[in-house]
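Protein chains in written order, with the numbering used here: chain A, 851 to 1450; chain B, 506 to 698; chain C, 219 to 564. Just so you know, even glycine gets a beta-carbon here, dropped at the ideal spot from N, CA and C. Note that the structure is predicted; figures quoted are calculated from it, not measured. Working notes for the structure below.
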Amino acid sequence: MTSAATTIQASSVGVTVWSWITTTDHKRIGIMYGVTAFVFFLFGGLEALLIRAQLMKPANDLIDAETFNQLFTMHGTTMVFLAIMPLSAAFFNYIVPLQIGARDVAFPRLNAFSFWLFLAGGLFMNASFLVGAAPNGGWFGYANLTSTQFSPGLNIDFWLIGLQMLGVASIAAGINFLVTIVNLRAPGMRMMRMPVFTWMTLITQFLVVTAFPVITVALVFLMFDRTFGTTFYSVAAGGDVLLWQHLFWLFGHPEVYILILPAMGMVSEVIPTFSRKPLFGYAIIVYSGLLIAVLGWGVWAHHMFAVGMGPVADAVFSSTTMLIAIPTGVKIFNWMATMWGGKISFKTPMLFALGFVAMFVIGGLSGVMHSSAPTDLQQTDTYFVVAHIHYVLYGGAIQGIFSGIYYWWPKMTGWMLNERWGKAHFWLSLIGMNLAFFPMHFIGLLGMPRRIYTYDPVLGVGAMNLVSTIGAFIIGLSVIAFVINVFYSRRQRVEAGMDPWGAATLEWSIPSPPPRYNFAAIPEVVSRLPRWSDTEMKAIPAEPEGEIHMPGGSYWPAVTAVGILILAVGALVTKLPIVLGGVAVVVVGIYAWAFEPFEM
Amino acid sequence: MSDTALAHYTSTGLDSRKIAFWTFLGSECLLFGTLITTYLVYHGKSVAGPTTEILNIPLTSVSTFVLLMSSLAMVLALAAVTRGDALFARVWLATTALLGSMFLGFQAYEFTHFVHEGLTLQTSLFGSTFFVLTGFHGGHVFIGVVWLLTLLVRSFQGKLGPDKTLQVELSGLYWHFVDVVWIVIFTVVYLLR
Amino acid sequence: MTLFAERSSPGLKCLPALLLVVIAVGCGGEFPQSTLHPTADFGYEVDSLFRIIFWWAVVVFVVVEGGLIYIIFRFRERPGSPEPRRIHGSTLLEVAWTLAPALVLVFIAVPTIRTIINVSGRAPDDALVIDVIGHQWWWEYRYLDFNITTANEVHVPQGRTVQFRMTSVDVIHSFWVPKMGGKRDVLPGRTTYIAFKPDSIGTFYGQCAEFCGVSHANMRLRLMVDSPSEFEDWIRQEQNPPPPKESLDTEAQRGFEVFTAVRDPGNHSCLACHVIEGVTFGVLGPNLTHVGGRTTIAGGILPMTADGLAEWLRDPSRVKPGSLMPDIDLTEEEVSALVAYLSTLR
């Protein structure tokens, strides 16, 4: 069954596949999240390249309408749920316990479960391609297009069941990280001494556990409409198709903050380190994050300005949306003030952090244009929005995440990523994204709607679309540069040491990669910047003094996740025996998990 | 701080499982909140079939009382476990589970009766919102009963001593939460018509 | 190790592309669906608000990105650069850069709310009311005042406010003619409204702007703004009954036969879905009574010419994937006959 708790000196317990399947080590789970998410990022990128290839000229016939609709649906769904969120989760997993001086997360097996369920959900949704029924209703799946009447076939069922699986995984992880940060901080690590990345993680988890239940209900309604004939989105029964939009966007807007806050946290670590100066306005950055999370609940209907909600609703949501630009802008100014008077070194993590700031400002400005309901009536559902979202999600979230990847890579692996390839990656990415997405502002203003597989030459946007396609392929090249960097650097194996960047926070006080138990002795924290502080922190010993008990592995989390996968397949094909089989596996998994001897 | 002491150190002094469970209940508030809001939004908008006149207030008041009493039994169960009283721990856990099952029995009867009267999931907005809302609640009660029975079995195995108080406390928390949600549902669906 | 020698700012890199596009965009005529050169009151309101916001955005962009570039240059690591002072914050600065953006937002919010109120009123009593019905994937228009039903193209008179009362028979669509103003979603089970007073005569392009299924991209529309007298002419023309069969030439008469024939299976008959006043009474497809007088067919994606019609009739789902008009397996002879007949329906 499970290995008994043992004293572990080495950083890995074994290199077998089984040791990975049963691992409850937050560092290994973080690596699994990172690798899996990166693979899905490549899928999403491929989908984007196919989309751009089709759109590079008007009236193109490279990809047919149905396939195109599946591609843009899966591109959006994949990038949001299978790439950005789990890439962030990779760092919640690996880095947060190290930053707060903990040995692991609060619930290591629940942590493993979240990963396996995420993997299962991602595989489930992508398996739809194998049966030619990939989701095709857009990543936002508006009712009543998603009803059985207008979407017969399994496409939407793959989508909604897969999303439910991912939702459960996210909520479980959300609870886990929230408790970890609240309860497992080292002595002296007061809340206002926590690194900003940990703070942003905490706020993100709060958003996850409150927003995901809303979309869970929306998806349950859709599933019941499709499978059991309920009337939640049925016009004939007097239902309101707008119910879906309200529920989806009540989730959807906090979701975009879930996507961006972790990246903001990463950038908040990188900029001070590479400016050799403490973060300016730490408290304000924390409070603005909290404010964004709270205000983020009050803006959802700005996605619905074209629906005709009436002038009062339009005015209210325009106002709240403009309001939320303020805490966001404040962060930008604090990052700039951090660099002011600093000694800026342009290593790759810092390049991506600067790229984040520069591009996020552009995305934020187009966001302000959208916030005004009347102007949004021209912009919504056009390529102008596509420009906005890619500036904040690629220019923002993805660049921020790459900043984190390059920053924490030495800590996680023990070796450095090559600077030359890193710079190649950065510049190709920056140039590519601006070529890809800047023209989209104009394409949208010139009247090209979004989510269309082809467009008329008379619109006059063919040349700009071609430029955009070229930019997209350059982004593809930048990703190749990153992959090359990984393999090249691995061969070079330039030792990183404990603290290659001269950074301030706790994770740089332990070996790279950290031993299984992270800290040979849990530190007593006396300042916010333990490694830069004048107040001496007692050094963390190289070796532990006595025995450290770490929990062993367990396969029940994986089993339970598989049970849910079986349940999902049963729901997809509406065969009760399979559903019940899945439930049985889940029940067995949960009971075995609950009663196995597992010391935390 | 010695490492042994640190092994059990928490920043808040609370057990992590307790914080986790409260967080979970927070997300459950959003879940039921969305279901209840949808019920309210669609209230009075059905175009076919029976609506709130089909509800049997007296009967449901009885089942509500049963559920409330089950919460009392749960409180007594926790007290018994805390003081190490194995006999009464089993008595009160069994009673809670029994009363919870009675509540489910009432609900099963109600659902069957409604179907015979022409109200199903598919009939109307009322049918859909009513059955999904109360059905989800009933599902939560069912899981609670299963949890209680599990604790009961553990007690008989001698594995539910005072050192396991947290487990019973969390199940009590869950049970009371489900009860409170029912009070809200009962008020919104049955009493406000 | 820096990349300074090769470095130019991200903003500067965009500049050539930006200039090119700005120049191109300045010539509005080549961009028939552009939002930047409106010709109706709704469009003017939205456009002037957009310009206010746009210029504020430019100011913020220049200040912030300019500041960023300055900081990068000025405080880059150089040999001999001093160790930075450990500054943790400044309340004064925090207040300043909270209030400054807030002020800019006020300058945006006030005209925003004013515009919301201006464009939200119901249309005046003498507005021309036209019912718009969205279908997968074509637009239907009904002029109740004149007892006319048409499809694809909507005619309105210059200088008079027109109000569209809109709903959908299937999924959510969105009605958008950029030169007239913003878009409005078209919802099943609800009525939405959009109103504007067009200034210039001409043909204006639009298309559905809410993803509505496989052929969403093919759900186009034309808005014709006629002079008041031309508009009257058009109304009269639309109110005329179709020419009687006897008055048609041989091939057109043959086309009439084909159109009104009952085919096997039944839903392959034209009359099962289409209306031609006094001839057939289907309800699913576009009203074809005056199809010959339109400039486009099939939801605006094919020209109303002999070739266009023939292409459509031969294989609707090739032109419009998912089309609800089935492939009817017409012979070439039947196709030319139908083309001849439909062309007479002006």
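Among the options, nearest to residue i - alpha-carbon criterion
i                 : options                                    : result
GLU1357 (chain A) : A:ILE1390, A:SER1328, A:ILE1334, A:THR1385 : A:ILE1390
PHE611 (chain B)  : B:VAL673, B:GLY643, B:PHE635, B:VAL683     : B:GLY643
LEU1100 (chain A) : B:THR539, B:HIS513, B:THR515, B:LEU656     : B:THR539
ARG269 (chain C)  : A:ALA1371, A:PRO1407, A:MET1042, A:LEU1295 : A:LEU1295
PHE974 (chain A)  : A:GLN1249, A:GLY1012, A:VAL1308, A:GLY1079 : A:GLY1012
TYR361 (chain C)  : C:LEU489, C:CYS491, C:ARG454               : C:ARG454
MET1283 (chain A) : A:GLY1205, A:LEU1057, A:ARG1343, A:VAL1435 : A:GLY1205
Beta-carbon gap between residue i and residue j smaller than 8 angstroms
i                 : j                 : result
GLY1254 (chain A) : PHE941 (chain A)  : yes
VAL1067 (chain A) : LEU1097 (chain A) : yes
GLU263 (chain C)  : ASN365 (chain C)  : no
ALA1036 (chain A) : ILE913 (chain A)  : no
TYR1257 (chain A) : VAL1120 (chain A) : yes
GLY420 (chain C)  : VAL404 (chain C)  : no
ILE1414 (chain A) : LEU967 (chain A)  : yes
ASN1184 (chain A) : VAL1085 (chain A) : no
VAL537 (chain C)  : GLU529 (chain C)  : yes
LEU624 (chain B)  : ILE541 (chain B)  : no
Interface flag, residue i vs chain A, CB-CB below 8 angstroms
i                : result
CYS491 (chain C) : no
HIS434 (chain C) : yes
ILE648 (chain B) : no
GLY531 (chain B) : yes
ILE453 (chain C) : no
ILE419 (chain C) : no
MET506 (chain B) : Low per-residue confidence applies at MET506 (chain B): pLDDT is 48, beneath 50, and the placement is therefore not dependable enough to give any value.
PRO544 (chain C) : no
SER445 (chain C) : no
PHE293 (chain C) : yes
Any chain B beta carbon closer than 8 angstroms to residue i
i                 : result
PRO1063 (chain A) : yes
GLY1089 (chain A) : yes
ARG1035 (chain A) : yes
ILE1158 (chain A) : Sequence check: residue 1158 (chain A) is Gly here, not Ile. Cβ-Cβ to chain B under 8 angstroms: no for GLY1158 (chain A).
Where residue i falls, given that 16 or more other Cβ within 10 Å makes a residue buried
i                 : result
VAL683 (chain B)  : buried
ASP875 (chain A)  : buried
VAL867 (chain A)  : exposed
GLY244 (chain C)  : Model confidence at GLY244 (chain C) stands at a pLDDT of 47, short of 50, so the residue's coordinates are unreliable; what they give is reported in the following sentence. Exposed.
HIS373 (chain C)  : buried
PHE1202 (chain A) : buried
HIS353 (chain C)  : buried
HIS621 (chain B)  : exposed
SER1318 (chain A) : buried
PHE222 (chain C)  : Here the model assigns PHE222 (chain C) a pLDDT of 36, short of 50, so the residue's position is not dependable and the matter cannot be decided.
GLY988 (chain A)  : buried
Residue i: contacting residues in chain C (beta-carbon distance under 7 angstroms)
i                 : result
MET1266 (chain A) : None at all; the shortest Cβ gap to chain C is about 13 angstroms.
THR1225 (chain A) : VAL264, LEU267, PHE268, ILE271
Interface flag, residue i vs chain C, CB-CB below 8 angstroms
i                 : result
THR856 (chain A)  : At THR856 (chain A), the pLDDT of 39 sits below 50, so the modelled position is not reliable; the number obtained from the coordinates is stated separately. Chain C contact via Cβ: absent.
TRP1190 (chain A) : yes
PRO1128 (chain A) : yes
GLY1131 (chain A) : yes
Neighbour list for residue i in chain A, Cβ cutoff strictly below 9 angstroms
i                : result
SER629 (chain B) : THR1081, ALA1087, GLY1088
THR523 (chain C) : Residues of chain A passing the Cβ test: none, with the nearest at roughly 16 angstroms.
Residue i Cβ short of 7 angstroms to the ligand PLP heavy atom set
i                : result
GLY605 (chain B) : The ligand PLP is not part of the structure shown, which contains no ligands of any sort.
Under 9 angstroms from the C-beta of residue i: neighbouring residues of chain B
i                 : result
VAL1059 (chain A) : THR528, PHE529, GLY531, SER532, LEU535
Proximal residues of chain B, C-beta to C-beta of residue i below 7 angstroms
i                 : result
ILE1021 (chain A) : SER532
Contacts of residue i in chain C (Cβ-Cβ under 8 angstroms)
i                 : result
GLU1345 (chain A) : Those within 8 angstroms of GLU1345 (chain A) in chain C number zero; the least Cβ separation is about 18 angstroms.
ASP1164 (chain A) : ILE334, SER338
Chain-ordered neighbours of residue i on chain A, where CB pairs are closer than 8 angstroms
i                : result
GLY514 (chain B) : Residue identity differs from the one stated: residue 514 (chain B) is Tyr in this sequence, not Gly. Near TYR514 (chain B) (Cβ distances below 8 angstroms), the residues of chain A are PRO1037, ILE1372.
SER551 (chain B) : ALA1087, GLY1088
Contact set between residue i and chain B, taken where Cβ atoms lie within less than 8 angstroms
i                 : result
PHE1074 (chain A) : LEU626, SER633, VAL637
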